[in-house]
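>
In UniProt numbering, the protein residues as written are 1 to 226.
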């Protein structure tokens, strides 16, 4: 009888050990499964985040392109007269604001009494035009400077001028035309012109375009000219 009791106890103990081991195994497997699932989630999350980053980058690029596509292109030119009174024009780098490349053109003004016409520049003493202003004037051929904007009518203006910048109290005047009035380069050619108040010819005297006079011309073009 004692033997049977002890045998029963042994069986109970063995069952308890077996159940404990089984429970431990189940817990271990459950934890491993959860950890593996977490790692899978992290991996999936990394992939999704990368895709999100790419999508955001594309959206940002598209947004930037949309903004820049509506912004004008800027071109800057340096216009000046040297000692012998040659009128010159040169492009300025918009990134460094320094002269870039060779002089595009140079025309000799001399005494300012003779008309001159180049590819980029022109000069007329006592220019009449449609409004009969009778002033000495300098003209820029915008279609030669900007072939990409031939039909767009670039917007130009004077920003700064140096060396005798006050021109003895005379004002620097500006005009722009599609070629119906300022026909110095031909009919229907976009043209920008500058003149000096009360100067019938730009002879360098009394503020009428002295030597080493410098002016910066800024033009805005369509974004298609990029």
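From the three backbone atoms N, C-alpha and C, an ideal C-beta is built for every residue, glycine too.
#1: CB residue 268 to CB residue 88, shorter than 8 Å?
#2: Using a Cβ distance threshold of 8 Å, determine whether the stretch 132-146 contacts the stretch 185-197, with at least three qualifying pairs required.
#3: Would you kindly work out how many angstroms separate the C-alpha atoms of residue 152 and residue 221, rounded to a whole number?
#4: Please state the DSSP three-state secondary structure of residue 110.
#5: Taking the beta carbon of residue 122 as the centre, do at least 16 other beta carbons fall within 10 Å, making it buried, or is it exposed?
#6: Here's a check: name, in chain order, each residue in its chain whose Cβ is nearer than 8 Å to the Cβ of residue 179, leaving out the five neighbours to either side.
#7: List, from N- to C-terminal side, the beta strand (DSSP E) runs of 3 residues or more that fit wholly inside the stretch 139-216.
#8: Can you check DSSP and say which residues form a bridge with residue 73?
#9: So who's on the other strand from residue 79, going by DSSP bridges?
Here's the rundown:
#1: No answer is possible for residue 268: the residues shown for the chain start at 1 and end at 226.
#2: Judged by Cβ distances under 8 Å, the stretch 132-146 makes contact with the stretch 185-197, as three or more pairs qualify.
#3: Taking the first residue of the chain shown as 1, we reach residue 152 at position 152. Taking the first residue of the chain shown as 1, we reach residue 221 at position 221. In this model, residue 152 and residue 221 are separated by some 8 Å (Cα to Cα).
#4: One-based indexing of the chain shown puts residue 110 at position 110. Three-state result, residue 110: coil.
#5: Taking the chain shown and counting its residues from 1, the one referred to as residue 122 is at position 122. Buried is the call here.
#6: Reading the chain shown from its first residue, position 179 is the one you call residue 179. Around residue 179: 185, 186, 187, 188, 189, 190, 191.
#7: For the stretch 139-216, whole beta strand (DSSP E) runs of length 3 or above, ordered along the chain, are 155-162, 172-177, 191-196.
#8: The residue given as residue 73 occupies position 73 in the chain shown. Residue 73 is bridged to 221.
#9: Counting from 1 along the chain shown, the entry for residue 79 is found at position 79. In DSSP, residue 79 forms a bridge with 89, 215.
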